[in-house]
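Structure, as structure tokens:
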């Protein structure tokens with residue numbers, strides 16, 4: 001796989017890339033979530049660590065333990081949730097774009113043949 005096409009980007013720029021022409025739209029990316037999870041669990045796609053980090057950030061966002069800082073430090077408590085939610089959305093969209101590119105390249109491979 002070409003490093004330039006599957007290169008991970010910053011989560012913040014991934015949010016902006018959803019709206020650029022020539023990139024997969026939001027609907028196409030979100031529709032790929034079940035396929036990405038399935039391919040990862042089957043060991044076909046190398047997204048295990050990234051999906052674990054995404055799951056951890058999702059748990060952090062909805063965790064009731066995170067409500068404690070918000071009770072005492074109102075602004076800082078909300079800012080950290082906003083930063084985490086932005087990271088989560090950007091990282092998820094970036095990983096989904098990477099997965100869609102992987103799927104596209106995988107469809108061009110004939111098992112047992114070397115393509116140069």
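Numbering (UniProt numbering), first residue to last: 1 to 116.
Glycine included, each C-beta is placed from N, C-alpha and C at the ideal position.
Residue i classed as buried or exposed, judged by whether at least 16 other C-beta atoms fall within 10 angstroms
i          : result
residue 49 : exposed
residue 24 : buried
residue 86 : exposed
residue 43 : exposed
residue 29 : buried
Anticipated Cβ contact below 8 Å, residue i with residue j, distance rounded
i          : j          : result
residue 92 : residue 54 : 6 Å
residue 57 : residue 84 : 6 Å
residue 99 : residue 60 : Their Cβ separation, rounded to whole angstroms, is 23 Å, which puts residue 99 and residue 60 out of contact at 8 Å.
residue 31 : residue 40 : With a Cβ gap of about 16 Å, residue 31 and residue 40 do not count as contacting.
Spatially closest choice to residue i from the options, by CA coordinates
i          : options       : result
residue 27 : 46, 97 and 41 : 97
DSSP state of residue i mapped onto helix, strand, coil
i          : result
residue 98 : helix
residue 23 : coil
residue 43 : coil
residue 57 : helix
Residue i beta carbon near the ligand ADP (any heavy atom closer than 8 Å)
i          : result
residue 79 : With respect to small molecules bound, the structure shown includes none, and the ligand ADP cannot be examined in it.
Own chain, CB closer than 7 Å to residue i, minus 5 neighbours either side, in chain order
i          : result
residue 22 : none
Cutoff 6 Å; reference residue i; Cβ partners in own chain excluding five residues on either side
i          : result
residue 37 : none
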